[in-house]
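Residue numbers (our numbering): 69 to 280.
Notes to accompany the following structure.
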Amino acid sequence: MASEVALRTDGLTKRFGTLTAVDGLDLEVRRGEVVGLLGPNGAGKSTTIGMILGLIAPTAGRAEIAGRDVRADPAGALADVGAIIEVPAFYPYLSGRDNLVALALIRGGRSRERVAPALARVGLTERATSPFRTYSLGMRQRLGIASTLLGDPALVILDEPTNGLDPAGQREIRGLVRELAAEGRAVLLASHLLYEVEQVCHKVLVIKKGRL
69 MASEVALRTD GLTKRFGTLT AVDGLDLEVR RGEVVGLLGP NGAGKSTTIG
119 MILGLIAPTA GRAEIAGRDV RADPAGALAD VGAIIEVPAF YPYLSGRDNL
169 VALALIRGGR SRERVAPALA RVGLTERATS PFRTYSLGMR QRLGIASTLL
219 GDPALVILDE PTNGLDPAGQ REIRGLVREL AAEGRAVLLA SHLLYEVEQV
269 CHKVLVIKKG RL
């Protein structure tokens, strides 16, 4: 169902010594919507995403993806999420297609049949056999988004996906984000740019000094 909750955090908190980077954060993202996580650099957005993805252990609170607790069942929870953090990294001498095949093999090969549809989804079929090093920044971001779709995720997390792109590339990525939500996926988009989230998000959560 389009209204199904794909991501929920409850009291999510992270302290580094005396510094509280994220302070009791409650948020919810449902399928079919794009939710912006807006705040200046250092507000706690990246730490929040790190906890959602199981990369950072929370001091308190919890995160659930598609109803699965990230700490209690990391494999089950993360099977329903695709994410790119800042500029996606790939093997420069492999083609776009071969980079996605390599990712699919790392995941056990089950998502290999999704490589061609994912490339088509982001408009990279014609450049699928070109080495990644020849890709423009916009193409690299599109390949990153394609990589998030290999597992057919309920939740897609994008951290500053238009950073460094020219206006045409920004429009392209925004269009892809809208289409992902239209397919029934939940999208969490982190940004420090108000005009960015205004143009693509259904709702915006503002975070400052770790607080909503």
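We put the beta carbon where it would ideally sit given N, CA and C, even for glycine.
According to DSSP, which residues form a beta bridge with residue i?
i: R98; result: V73
i: F84; result: L87
i: D78; result: R130
i: L256; result: V103 and I225
i: R279; result: K276
Within its chain, find whatever has a CB closer than 8 angstroms to the CB of residue i; leave out the 5 residues flanking it on each side and keep chain order.
i: L168; result: V183, A186, L187, L211, A214, S215 and L218
i: Y57; result: The first residue shown for the chain is 69 and the last is 280, placing residue 57 beyond what the model contains.
i: S114; result: I153, D227 and A258
i: G150; result: S215, T216, L217, L218, G219, P221, L223, V224 and I225
i: N109; result: H260
i: L192; result: G164, M207, R210, L211 and A214
Since residue i and residue j should fall inside the 8 angstroms C-beta cutoff, what is the C-beta to C-beta distance between them, to a whole number of angstroms?
i: V155; j: R208; result: 7 angstroms
i: V274; j: V102; result: Incorrect: roughly 15 angstroms between the Cβ atoms, too far for contact.
i: L257; j: G104; result: 5 angstroms
i: L244; j: I133; result: About 21 angstroms separates the two Cβ atoms, so there is no contact after all.
i: R98; j: A125; result: Wrong, their Cβ atoms sit about 26 angstroms apart, outside the cutoff.
i: P160; j: P221; result: 26 angstroms between Cβ atoms; not a contact.
i: D137; j: R130; result: 6 angstroms
i: I152; j: I117; result: The pair is not a contact, with the Cβ atoms about 10 angstroms apart (cut-off 8 angstroms).
i: G206; j: G237; result: 3 angstroms
i: L146; j: L121; result: 7 angstroms
i: V272; j: L106; result: 5 angstroms
Between which two residues does the alpha helix (DSSP H) holding residue i run?
i: V245; result: P235 to A250
i: L273; result: First-last for L273: K271 to V274, but that is the beta strand (DSSP E), not the alpha helix (DSSP H).
i: S215; result: L205 to T216
i: R182; result: Element bounds for R182: n/a, residue is neither H nor E.
i: R264; result: Note that residue 264 is Glu in the sequence shown here, rather than Arg. Its alpha helix (DSSP H) spans residues L262 to V268.
Considering only residues of the same chain and omitting the five flanking positions on each side of residue i, which have a CB-CB separation below 6 angstroms?
i: M69; result: Confidence in M69 is poor, its pLDDT being 42 and thus under 50, which makes the residue's placement too unreliable to answer from.
i: F84; result: none
i: E266; result: none
i: G112; result: A89, V90, I275 and G278
For residue i, which residues from the same chain have a beta carbon less than 7 angstroms from its beta carbon, with the 5 sequence-adjacent residues on both sides left out?
i: D91; result: T81, G278 and R279
Quiz item: Which runs of the beta strand (DSSP E) spanning at least 3 residues fall entirely within the stretch 90 to 176, listed in chain order?
Solution: Counting whole runs of 3 or more residues, the stretch 90 to 176 contains the beta strand (DSSP E) stretches 102 to 106, 128 to 133 and 149 to 153.
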